[in-house]
Amino acid sequence: MSRHSFKSKAYRNSRLSVAPMMDWTTRECRVFHRLLSREVLLYTEMVTAPALVRGGALHLLDYDPSEHPVALQLGGSDPQELAEAARLGDEVGYDEINLNCGCPSDRVQSGAFGAVLMQAPDLVAECVAAMQAVSKAEVTVKCRIGVDEQIPEEILPKFLEKVRAAGCQRVTIHARKAWLKGLSPKENRDIPPLDYDLVHQMKREFADLHISINGGITSLSQAKAQLDQGLDGVMIGRAAYHQPADILSAADPEIYDCGTVRDPVAAVRDMFPFIEAELAKGGRLHSTTRHLLGVFAGRPGARQWRRHLSEGASRKGAGPELIEEALTFVTQRADSLEASGAVTLF
Numbered sequence: 073m074s075r076h077s078f079k080s081k082a083y084r085n086s087r088l089s090v091a092p093m094m095d096w097t098t099r100e101c102r103v104f105h106r107l108l109s110r111e112v113l114l115y116t117e118m119v120t121a122p123a124l125v126r127g128g129a130l131h132l133l134d135y136d137p138s139e140h141p142v143a144l145q146l147g148g149s150d151p152q153e154l155a156e157a158a159r160l161g162d163e164v165g166y167d168e169i170n171l172n173c174g175c176p177s178d179r180v181q182s183g184a185f186g187a188v189l190m191q192a193p194d195l196v197a198e199c200v201a202a203m204q205a206v207s208k209a210e211v212t213v214k215c216r217i218g219v220d221e222q223i224p225e226e227i228l229p230k231f232l233e234k235v236r237a238a239g240c241q242r243v244t245i246h247a248r249k250a251w252l253k254g255l256s257p258k259e260n261r262d263i264p265p266l267d268y269d270l271v272h273q274m275k276r277e278f279a280d281l282h283i284s285i286n287g288g289i290t291s292l293s294q295a296k297a298q299l300d301q302g303l304d305g306v307m308i309g310r311a312a313y314h315q316p317a318d319i320l321s322a323a324d325p326e327i328y329d330c331g332t333v334r335d336p337v338a339a340v341r342d343m344f345p346f347i348e349a350e351l352a353k354g355g356r357l358h359s360t361t362r363h364l365l366g367v368f369a370g371r372p373g374a375r376q377w378r379r380h381l382s383e384g385a386s387r388k389g390a391g392p393e394l395i396e397e398a399l400t401f402v403t404q405r406a407d408s409l410e411a412s413g414a415v416t417l418f
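Numbering-wise, my numbering puts 75 at position 3 of the sequence shown, and it's gapless, one number per residue.
Have a look at this one:
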């Protein structure tokens with residue numbers, strides 16, 4: 073039995089989560105996502121264990137207290153190094169420590185971790201056990217259904233058996249194979265076919281595991297459909313980044329049956345204190361606004377919103393007033409629609 077048999081906050085909130093995405097789910101992005109949803113579980117970008125343990129890059133563990141519940145995703149393949157990285161993440165207060173067994177990038181392959189670990193379930197189990205031994209936070213795994221010539225129906229059950237035996241109680245499965253030979257990381261996100269049925273089969277066979285599904289899910293209605301079919305959680309990646317309001321603004325009432333739909337305009341304005349604090353430390357406005365570009369996707373004024381931020385955020389001295397100016401493109405359009413009797417979009 074895992075020492076983490078209790079239902080942690082991360083466990084409860086993993087009913088819906090935003091996937092870890094390199095260069096995208098930065099601290100600035102996560103702070104904004106948290107303003108759109110109080111409940112959704114957030115993940116860091118993948119942080120490699122060697123960078124923390126050998127490189128001493130502890131700044132990679134920085135997060136804002138408002139982000140909770142927030143999970144740290146680690147990459148690595150050395151059990152003791154991962155254990156030390158997990159201990160560091162646990163010490164700074166992450167709610168979950170996640171082991172990446174799904175990333176197909178060349179850099180990850182050369183480091184013998186990420187999706188290549190699907191070929192080494194015994195090593196993954198050893199890594200999970202070592203991480204759990206030093207972490208109070210729950211240790212979880214994110215994986216693919218297989219890699220290269222593996223037969224998913226054969227390899228995935230064996231993989232899940234190993235990590236469950238090591239004490240892992242929660243797994244997120246990206247419902248695609250990863251082709252480490254022949255496809256780029258970008259192609260691996262789209263070309264291998266999705267196999268949702270296999271993930272649902274794994275939930276039936278491993279009923280005691282908390283299983284979340286990832287891959288190709290682009291709306292709350294699709295997420296709810298997966299949950300209604302018996303899965304424990306849904307992880308959404310690119311759609312949550314490019315259309316954050318569509319995915320996150322209504323997540324609390326729709327997925328968790330609490331709270332209310334969040335106004336994205338109010339969420340943007342609530343970012344101002346964070347932005348001002350970052351600027352006071354020498355940060356650049358663009359570091360935050362690049363994560364806000366898609367918040368009004370598909371709504372009147374969205375194009376002007378994006379253009380105004382993109383053109384102005386890198387200018388010296390740019391601050392929240394630039395964002396306020398950009399907001400007029402969407403708020404004035406909304407006011408105009410309301411005055412004409414049209415239905416407003418937020």
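Glycine included, C-beta positions come from ideal geometry on N, C-alpha and C.
CB of residue i within 8 Å of CB of residue j, strictly
| i | j | result |
| --- | --- | --- |
| L270 | P224 | yes |
| S89 | L113 | yes |
| V119 | L154 | no |
| L292 | A247 | no |
| K234 | A197 | yes |
| A187 | C175 | yes |
| K275 | L232 | no |
| Y166 | V142 | yes |
| S86 | G331 | no |
| L252 | V213 | no |
| V243 | L281 | yes |
| I217 | D267 | yes |
| S382 | E100 | no |
| L25 | A398 | With the chain running from 73 to 418 in the structure shown, residue 25 is simply not present. |
| L195 | C173 | no |
| M94 | Y313 | no |
| I395 | T361 | yes |
Residue i (DSSP reduced to helix, strand or coil)
| i | result |
| --- | --- |
| Y268 | helix |
| H131 | helix |
| V415 | Per-residue confidence for V415 stands at a pLDDT of 47, beneath the threshold of 50, marking its modelled position as unreliable; the derived number appears in the next sentence. Note: V415 maps to coil in three-state DSSP. |
| A184 | coil |
| C239 | Residue 239 is actually Gly in this sequence, not Cys. Looking at G239 - three-state DSSP - the assignment turns out to be coil, as it is neither helix nor strand. |
| V337 | helix |
| T212 | strand |
| I217 | coil |
| R75 | Any answer about R75 is weak, because its pLDDT of 44 lies below 50 and its placement is not dependable; what the coordinates show is given next. Note: R75 maps to coil in three-state DSSP. |
| A312 | helix |
| L409 | For L409, the predicted structure reports a pLDDT of 46, less than 50, and the residue's modelled location is therefore unreliable. A value from the coordinates is still provided. In this structure, L409 counts as helix in the three-state DSSP scheme. |
| C101 | helix |
| L357 | coil |
| G305 | strand |
| L255 | coil |
Those residues which DSSP pairs with residue i across a bridge
| i | result |
| --- | --- |
| Y115 | A143 |
| T120 | G147 |
| L399 | Partner(s): none; L399 has no beta bridge. |
| A250 | V219 |
| I169 | L144, V211 |
Contact set for residue i: own chain, Cβ-Cβ below 6 Å, skip 5 residues either direction
| i | result |
| --- | --- |
| V42 | The structure shown has nothing for residue 42, since the chain only spans 73 to 418. |
| F427 | For residue 427 there is no data in the structure shown, the boundaries of the chain being 73 and 418. |
| D329 | none |
| V164 | L133 |
Member of the options whose CA lies at the smallest distance from the CA of residue i
| i | options | result |
| --- | --- | --- |
| T97 | Y115, R84, S86, A82 | Y115 |
| G454 | G354, H380, L252 | The question about residue 454 has no answer here: the residues shown for the chain are numbered 73 through 418. |
| I245 | P264, D280, I285, I227 | I285 |
| T400 | A338, R387, K353, H358 | A338 |
| A209 | T361, N170, P176, V219 | N170 |
| E117 | H314, S382, L132, S386 | L132 |
| D324 | Y83, R110, R84 | R110 |
| P52 | A129, E226, L364, E396 | Nothing can be reported for residue 52: it is not among the residues displayed for the chain, which extend from 73 to 418. |
| R278 | D342, A192, L228, S256 | Inspection of the sequence shows that residue 278 is occupied by Phe rather than by Arg. Answer by Cα proximity: L228. |
| L264 | E226, A237, L281, E221 | Checking the sequence shown, residue 264 turns out to be Pro, not Leu. Taking only the C-alpha atoms, the option nearest P264 is E221. |
| G427 | A390, V333, R375 | Beyond the ends of the chain as shown, which are 73 and 418, falls residue 427; an answer cannot be given. |
Residues of its chain near residue i, where Cβ-Cβ distance is below 8 Å and the 5 sequence neighbours each way are ignored
| i | result |
| --- | --- |
| S74 | Its pLDDT being 41, under 50, S74 is placed unreliably by the model, and the measurement read from it follows with that caveat. Q204, G239, C240, Q241. |
| I308 | L88, S89, V90, A91, N286, I289, T290, A295, I319 |
| A311 | I289, T290, S291, D318, I319 |
| A123 | A129, L132 |
| A192 | S149 |
Proximal residues to residue i (C-beta, below 7 Å), its chain only, five neighbours per side dropped
| i | result |
| --- | --- |
| P392 | F344, I347, E348 |
| A202 | P151, Q152, L154, A155 |
| S138 | V103, R106 |
| V125 | E153, E156, A157 |
| S207 | A158, R159, D162, I169 |
| R387 | none |
| K249 | R216, I217, G218, V219, P224, P264 |
| A82 | L113, P141, A143, D167, E168, E210 |
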